[in-house]
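Visitor:
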Amino acid sequence: MKRFVGFIIVLLGFTGTGLLFAQTQTMTMEECVERALERNADIMRGEFALKIAGRDIVVALSEYLPSVNAWVGYSHSVLGPSSAVRVDPGTGIPIPLQPYKLTSWATYSGFQISQTLLDVSTIGNIARSRQLYKSAEHSFESTKQMTILTVKERYYNLLASEKLLEVARETLNSSSESYKRAQVLYDVGKAPKSDVLQAKVQMETDRLSLIQAENNLSIARGSLNYILGLDVDRPIRVVDNLEMPEIEISYESALDNAFAFHPDLIKAGYDVGAAKAALSMAVGSHLPRISASFSYSWRNADFDQLRNYFDTDYNYAIQTTLRIPVFSGLQRLANVSRAQLNVRSYRETEDQTRRSVALETQEAFFNIEQSKKQIAVARNAVEAAEEVVRLNRERYNLQAGTMLDLINAQVSLSRASSDHIQALYSYKTAIARLEKAMGQLER
209 MKRFVGFIIV LLGFTGTGLL FAQTQTMTME ECVERALERN ADIMRGEFAL
259 KIAGRDIVVA LSEYLPSVNA WVGYSHSVLG PSSAVRVDPG TGIPIPLQPY
309 KLTSWATYSG FQISQTLLDV STIGNIARSR QLYKSAEHSF ESTKQMTILT
359 VKERYYNLLA SEKLLEVARE TLNSSSESYK RAQVLYDVGK APKSDVLQAK
409 VQMETDRLSL IQAENNLSIA RGSLNYILGL DVDRPIRVVD NLEMPEIEIS
459 YESALDNAFA FHPDLIKAGY DVGAAKAALS MAVGSHLPRI SASFSYSWRN
509 ADFDQLRNYF DTDYNYAIQT TLRIPVFSGL QRLANVSRAQ LNVRSYRETE
559 DQTRRSVALE TQEAFFNIEQ SKKQIAVARN AVEAAEEVVR LNRERYNLQA
609 GTMLDLINAQ VSLSRASSDH IQALYSYKTA IARLEKAMGQ LER
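In terms of my numbering, the sequence shown opens at residue 209 and continues consecutively.
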């Protein structure tokens, strides 16, 4: 019975472990980006804003489309006898003006078509709504680009945190071995007590670094999960692409691409266009408006006569109207002045956006150049530090070196390895930022 219970416990343990590993999802960069674009709240709001802007175009166009109204009805009216009287001049007898109850029935129907022929304000509103739609379109693209960049930054940060955790573990293992070696030499009387204490201090310091690296990894994983719309505590494994992408472009070409394709700068241009269209609307309120209408109506007491709708008992009218605004206080003048100020404001925003794009491009471009150099320097530093550690360990084992020299060599190797990892992922992040600055960040 005890064996059976033990077997069940072991089986449940394996099952739980299997479920735990089954919950750990492995995702590539492309999968992370796709998921973020599907789940991100900013993306959803951008989609709604774009759809609303599209509906605004329809609303603006409807002001220039014909307006058609139709009606049909039936009425029954009763007019009672009148209490008013008149005196018959011949007989002198009072006679009621309306001695009887009057009853009438009527069936009526008709329709009216109205059409705006010329309205500068309406034309300006249509142009404005189209410019705002383009602005919303590029605002949505900017949101997508920013989301993709955020995913890539957090993806690379998670990978870097994993690598740094490995370095921290290797460093702790190395310092633990040094501590054990110092303890052995001390026990046989070939090393002073200070070597043991120094090695222990370094080992505990490396243990603290390992705790910090584990914490950084948890935070990096939670940050990526958050942007993906996942629970921040959910285990996730990301795939590392070891390729080092090369980007062959000059600074001038990168800047030209940024000015041509950066969605924020394009959006700013459409915002200026929308402001100019709004100015046309304000100016148009001072200009005449021409409209035309056609109305047709029919009325008869007998509903059956509806078959003669276009033959008898009808009435129609054709009307053309020219409305000339004369005076409506200072409202129209104030609207024009406000629209002019808006144009100037949006132009200034466009200039500011251009400078911001130039700065973003410059920072990303030179960060790439810096990371390239850092990678080469850090790689050489790692190779040299590994050799220094090896030599100092051999010297210490031969009692020709000190524990302090070995500890310093191990610290230098740990720092060089960390610098190399950070340089690698800083380079990839800088490339993503440059692509975003040029409006060409791919999924």
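All residues carry an ideal CB built from backbone N, CA and C; glycine is no exception.
#1: Got a sec, what are the start and stop residues for the beta strand (DSSP E) residue 319 sits in?
#2: Inspect the beta-carbon positions of residue 436 and residue 375 and report whether they are closer than 9 angstroms.
#3: Any C-beta of chain B sitting closer than 9 angstroms to the C-beta of residue 408?
#4: Between the alpha carbons of residue 589 and residue 448, how many angstroms are there, rounded?
#5: Roughly how many angstroms separate the alpha carbons of residue 395 and residue 597, rounded to a whole number?
#6: From this set, 286, 345 and 368, which residue's C-alpha is nearest residue 637's C-alpha?
#7: Please return the same chain residues whose Cβ sits closer than 6 angstroms to the Cβ of residue 222, not counting the five positions on each side in sequence.
#8: Check residue 262 in the structure and name its three-state DSSP category.
#9: Consult DSSP for residue 471 and reduce its assignment to one of helix, strand or coil.
#10: Going by DSSP, what residues sit across from residue 648 in a beta bridge?
#11: Give me, in chain order, the residues of the same chain whose beta-carbon lies closer than 6 angstroms to that of residue 393; leave out the 5 immediate sequence neighbours on both sides.
#12: Roughly how many angstroms lie between the CA atoms of residue 269 and residue 330, to the nearest whole one?
#13: Determine the contact status of residue 282 and residue 315, defining contact as a CB-CB distance below 9 angstroms.
#14: Could you tell me the alpha carbon to alpha carbon distance between residue 594 and residue 621, rounded to whole angstroms?
#15: Might you give, ordered along the chain, the residues of its own chain that have their beta carbon closer than 6 angstroms to the beta carbon of residue 365, omitting 5 neighbours on each side?
#16: Buried or exposed: which applies to residue 379, given that a residue is buried once 16 or more other Cβ atoms fall within 10 Å of its Cβ?
#17: To the nearest angstrom, report how far apart residue 279 and residue 326 are at their CA atoms.
#18: Please list the terminal residues of the continuous alpha helix (DSSP H) segment that includes residue 427.
#19: Should residue 642 go down as buried or exposed, given a rule of 16 or more other Cβ atoms within 10 Å for buried?
#20: Thinking just about the alpha-carbon of each residue, which of 629, 304, 472 and 382 is nearest to the one in residue 647?
Guide: Judging by the given coordinates:
#1: 310-326
#2: no
#3: Of the chains in the structure shown, none is chain B; there is only one protein chain.
#4: 23 angstroms
#5: 23 angstroms
#6: 368
#7: Summary for residue 222: the model assigns pLDDT 43, below 50, so the residue's position carries little reliability; its value from the coordinates is reported in the next sentence. Cβ neighbours of residue 222 beyond the five flanking positions: none.
#8: helix
#9: helix
#10: Note: residue 648 sits in no beta bridge, so no partner.
#11: 399
#12: 8 angstroms
#13: yes
#14: 6 angstroms
#15: 428
#16: buried
#17: 27 angstroms
#18: 401-435
#19: buried
#20: 472
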